[in-house]
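In our numbering, the protein residues as written are 1 to 815. Here is the structure we will look at, set down as structure tokens.
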């Protein structure tokens, strides 16, 4: 069939005899990769596009569509590939149209590499349009069974629509067409975003992830999720994002490509011209692309030389041939060193105009340089900190860094203080051996050769006929059943595609790792060591493959929740980052399994420490736990990008690290409220734990952040007294045998009211006996006073969590 033919009609004749056999196994059309004259199978009517087998490496081919090459020195521009991640061998591989209506690409080993997953017994037609869309349709009705526009790779052509269940995925390099690290997709908020998805971490880098959608003019209300590039150079998206090329209003050949460097570029040219021109791009700052230089390295940009990656001082390349692997430390990490020596083993090297985005241990407002430095020294996982002055707020800001990722140099306002061992003397950035750093645009060698051997022996015709006859009679029924099963599987698979795409949204500015269920089962040794449980699920201790100790929560309350909803809620958690909030490292959403992977807290929960009557939980630690918990809740209520109510504050959800610093757990899985809706009452049922719940839940009043304030007050009273609110306080009358139980809040209020009649402080009457006499009366009194204010019956009389944190912090400094 000649290459100039622009339309192929494949007639599928239905036979009256052995009809079911032919439907299951007959071949209507077959194209071999070994025939040069048939390498190009179809051209578009005007010859703009060509479809056929395209060489992607030595002895490796993909079925592809590309702009027809009209000039000898013109580079081939591939716009679509069927099997980009699984090239077929250059021998004995075929593209076949079965009489069942399925177009199948078969490798030399007779395995199906790719197919359209279509079915029809009517006459079919394969047509390549001048738009670049390859269409498989029924000849009589022109009903489309499949089209390449519905399955884009890294390129969007003019008129092609990117929909909610599809995305663009970059190539691995200029010469390697397999799937790379970058994706253009619609997230669960209906916003078009660019995502870096590495082997272990992932994050959104466009639009700026620290901004809310309305801050950069996007709309989250249109759930149609479509974007299209018009021939005039205008790109329109359903989230109100519009983009116009520099040659807008001129009808040209156009394409939008997500490149292996993470940048989306729009190209244009006149028909018949040789070269393409860049007429626009989404991200104009090359070093703002995440993952471009790997961990512990800095990206710099020179318009003449392009991007360059350099290791930071004290670090060296993991692989000098691959910049994406980043750099490793030339010294032991502090978490592996005796904690008592941290303060004396570190120094800080100032790297001006250098910034690392994300992975902050927390945000600390109005911290001096010394306070920020001491905070970093107290954390073994702190690798450095950013300290800067905010002209907008008029205060200094402190950002301790647990990981040094997404580094960029030449940042006008950024400045990092790198933590290094005292014995190391690094005053200048570490470079390559040649001092030039690594060039980020270097290719990685292209597609590897498919090393497969196929030996063709001498065949006996009569034996083959007998074998085919016997195999055909015996396998007809199996083949027919298999085709029916494939048809049902395909329909079921389509229902899952949209959910799988939503998983990309989880990466928004987080760095989460997606674990498989088998990985977490192995890490927990079959979920054998339980360390906690609650209404949301059971928590197990585990050890990951990289020897990190983790707490893995196996959720059961949301086990029947759709995966899309689960990922949407969990992605909210990923945006929250504070030193008094538990750090989530990953998740698993596989089938019915829903698991969350958290950092492991060595000293367990506050509830465990209170019930053990351990002397380790002294007065100072209890005060610091109350202060840290207040800071974490204030962040959830007022400082983070989303307004999060916890709705289940209790000692079981306050975890303690090795230094007894508190971290609030189980936040973000309750209902997310709009920050501006102060009278939201959309909770469908009562949430929380008996004894810690605010009166609003019982009397069906509007739910605000004050429900968390009330629960916090109960927890503080429990820390002071050592008495649980769920069991009450046993009161024994002097001189009698009778006793009764009283509410914890009422009991403490009575003690404060009658305390003025006693010589000693009223706090002495309520303090936990486990403290003995070794406690600060003033600290206990301020805690009790604040706690009683938090448990007022009327929510408007309770303070906010930020007010609580300020009062406790000011008293801490005064004392």
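We put the beta carbon where it would ideally sit given N, CA and C, even for glycine.
What is the DSSP secondary structure of residue i, counted as helix, strand or coil?
i           : result
residue 335 : helix
residue 710 : helix
residue 405 : coil
residue 521 : helix
residue 384 : strand
residue 695 : helix
residue 237 : strand
residue 152 : coil
residue 549 : strand
residue 180 : strand
residue 131 : coil
residue 772 : coil
residue 588 : strand
residue 210 : coil
residue 187 : coil
residue 312 : coil
residue 635 : helix
residue 276 : coil
residue 790 : helix
residue 578 : coil
residue 329 : strand
residue 55  : strand
residue 570 : helix
Quick check on this structure: which residue in the options has the alpha carbon closest to the alpha carbon of residue i?
i           : options           : result
residue 570 : 514, 617, 522     : 514
residue 260 : 184, 76, 191      : 184
residue 146 : 115, 175, 155     : 115
residue 82  : 713, 64, 408, 781 : 64
residue 331 : 346, 539, 298     : 346
residue 800 : 707, 248, 715     : 707
residue 138 : 105, 100, 163, 69 : 100
residue 399 : 93, 392, 416      : 416
According to the Cβ coordinates, are residue i and residue j closer than 8 Å?
i           : j           : result
residue 582 : residue 650 : no
residue 595 : residue 584 : no
residue 654 : residue 605 : yes
residue 362 : residue 71  : no
residue 634 : residue 787 : no
residue 280 : residue 254 : no
residue 155 : residue 48  : no
residue 722 : residue 610 : yes
residue 784 : residue 720 : yes
residue 384 : residue 404 : yes
Please report the straight-line C-alpha distance between residue i and residue j, rounded to a whole angstrom.
i           : j           : result
residue 544 : residue 520 : 8 Å
residue 726 : residue 743 : 9 Å
residue 692 : residue 144 : 60 Å
residue 113 : residue 284 : 38 Å
residue 129 : residue 51  : 11 Å
residue 368 : residue 396 : 7 Å
residue 601 : residue 656 : 6 Å
residue 179 : residue 690 : 51 Å
residue 803 : residue 630 : 9 Å
residue 134 : residue 150 : 10 Å
residue 192 : residue 632 : 31 Å
residue 798 : residue 638 : 16 Å
residue 223 : residue 238 : 8 Å
residue 295 : residue 381 : 15 Å
residue 754 : residue 766 : 12 Å
residue 103 : residue 89  : 18 Å
residue 820 : residue 811 : Here the chain comprises residues numbered 1 to 815, so residue 820 is not present and cannot be evaluated.
Apply the 10 Å Cβ neighbour rule to residue i and answer buried if 16 or more other Cβ atoms are within range, or exposed otherwise.
i           : result
residue 409 : buried
residue 304 : exposed
residue 603 : buried
residue 376 : buried
residue 350 : exposed
residue 696 : buried
residue 389 : exposed
residue 161 : exposed
residue 442 : Bear in mind that the predicted position of residue 442 carries a pLDDT of just 33, short of 50, making it unreliable; the figure below should be weighed with that in mind. It counts as exposed.
residue 73  : exposed
residue 166 : buried
Does the beta carbon of residue i sit closer than 8 Å to a beta carbon anywhere in chain C?
i           : result
residue 380 : As a matter of chain content, chain C is missing from the structure shown, which is built from one protein chain.
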